[in-house]
Amino acid sequence: MYQNLVFKGGGVRGIAYAGALQVLQDKGILQGIHRVAGTSAGAITAMLVALDYDAAGIKEIVSNLAFESFEDHWNPLRVFSHYGLYAGDKIQAWLETICAAHAGPNATFAQLRTKGFRDLQVVATSLNTQKAFVFSADATPGVQVSKAVRASMSIPLFFQGAAIDDIDDLFVDGGTVWNYPITLFEPATTLGLYLTDFTPAPCPKVKLDDIGGYVKSVFSTLLSAQDIDIDEDPAIEARTMRIDALGISATDFSLTDQQKESLYQSGVTCATKFLAA
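Shown next as structure tokens:
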């Protein structure tokens, strides 16, 4: 029986995870999960699961999320001073609200453990060490959970780099280095949720007519290039639930309601097939 869930990063396509979680909940699997981990958008989902949001609650949160609202305080000069076009303050405020609703204001990793929530691990990238950095109750007990998740989803140059409390590092999106941290937990009891395109759509030529589009394109290309090939490791393949991202870009912040619903249904369909196999 699965005891751990790991969520791959995938940008706005993470909405599909809500559909998969509904199936896991209906099958009684979600209730037996003790530890969760994720990168970037996967870190958001992992945080919601850790905080005991049920599948319906997670769907409501991600479906109603206006991704474009996160593009706050655009300033090209910030790239030189704080390494990002957007401040990321709205992301931080939104994450704090989500955390506070279940765990109280400014909840830390240690407080989540003390209050009996699921164990949470969040992957970001330290630019100072050029390596993945894992936030957890053991490694960073005093760090605010919302700040760690904000760091994990800080698209380089798009969002301002994240500084965390007393840690002398600048953090960016965990997907830059480690987008699918399935090896964080023991293999036998771990299930990974992995966003991918079952039938990759022809890649349209992107019009790079502003700096924001340029940065999004660079990051999307980076994610595609460093995406691991799980087919080469049968052990990982066996515990990986592939979810069709329907050819939607990870950085398409202008998703329509129809696209959101299609991603959700893809999560339902792919989870159902995986568990039936």
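All the letters of the sequence shown, read from the start, carry residue numbers 1 to 277 under my numbering.
Even for Gly, the Cβ is constructed at its ideal location relative to N, Cα and C.
Limits of the unbroken beta strand (DSSP E) element including residue i
| i | result |
| --- | --- |
| residue 242 | 240-244 |
| residue 121 | 119-126 |
| residue 132 | 131-135 |
| residue 112 | No beta strand (DSSP E) holds residue 112; the alpha helix (DSSP H) holding it covers 109-114. |
| residue 85 | 84-86 |
| residue 173 | 170-173 |
| residue 157 | 157-159 |
Pick from the options that is closest to residue i, judged by C-alpha positions
| i | options | result |
| --- | --- | --- |
| residue 191 | 275, 124, 56 | 275 |
| residue 178 | 130, 53, 94 | 130 |
| residue 264 | 195, 232, 240 | 195 |
| residue 155 | 253, 271, 144 | 253 |
| residue 251 | 53, 18, 66 | 66 |
| residue 25 | 12, 37, 5 | 5 |
| residue 103 | 134, 49, 85, 56 | 49 |
| residue 183 | 256, 160, 167, 134 | 134 |
| residue 153 | 38, 271, 270 | 38 |
With 16 other Cβ atoms within 10 Å as the buried cut-off, status of residue i
| i | result |
| --- | --- |
| residue 198 | exposed |
| residue 258 | exposed |
| residue 247 | exposed |
| residue 114 | exposed |
| residue 27 | exposed |
| residue 244 | buried |
| residue 256 | exposed |
| residue 116 | exposed |
| residue 76 | exposed |
| residue 97 | exposed |
| residue 41 | buried |
Cβ shell of residue i (< 8 Å), same chain only, five flanking positions each side left out
| i | result |
| --- | --- |
| residue 261 | 63 |
| residue 149 | 43, 44, 47, 95, 122 |
| residue 1 | 29, 32, 189 |
| residue 268 | 19, 20, 22, 23 |
| residue 100 | 106, 107 |
| residue 92 | 146, 147, 150 |
Residues of its chain near residue i, where Cβ-Cβ distance is below 7 Å and the 5 sequence neighbours each way are ignored
| i | result |
| --- | --- |
| residue 235 | 187 |
| residue 273 | none |
| residue 132 | 123, 125, 174, 177, 178 |
| residue 151 | 124, 162, 164, 171 |
| residue 110 | 137, 141, 142 |
| residue 118 | 33, 34, 35, 36, 49, 50 |
Extent of the continuous alpha helix (DSSP H) to which residue i belongs
| i | result |
| --- | --- |
| residue 194 | Premise fails: residue 194 lies in the beta strand (DSSP E), 190-196, not in any alpha helix (DSSP H). |
| residue 19 | 15-26 |
| residue 268 | 257-276 |
| residue 62 | 55-63 |
Those residues which DSSP pairs with residue i across a bridge
| i | result |
| --- | --- |
| residue 39 | 123 |
| residue 4 | 35, 190 |
| residue 163 | 170 |
| residue 144 | 108 |
Sequence-distant residues of the same chain with beta carbon closer than 6 Å to residue i, five excluded per side
| i | result |
| --- | --- |
| residue 16 | 243, 263, 266, 267 |
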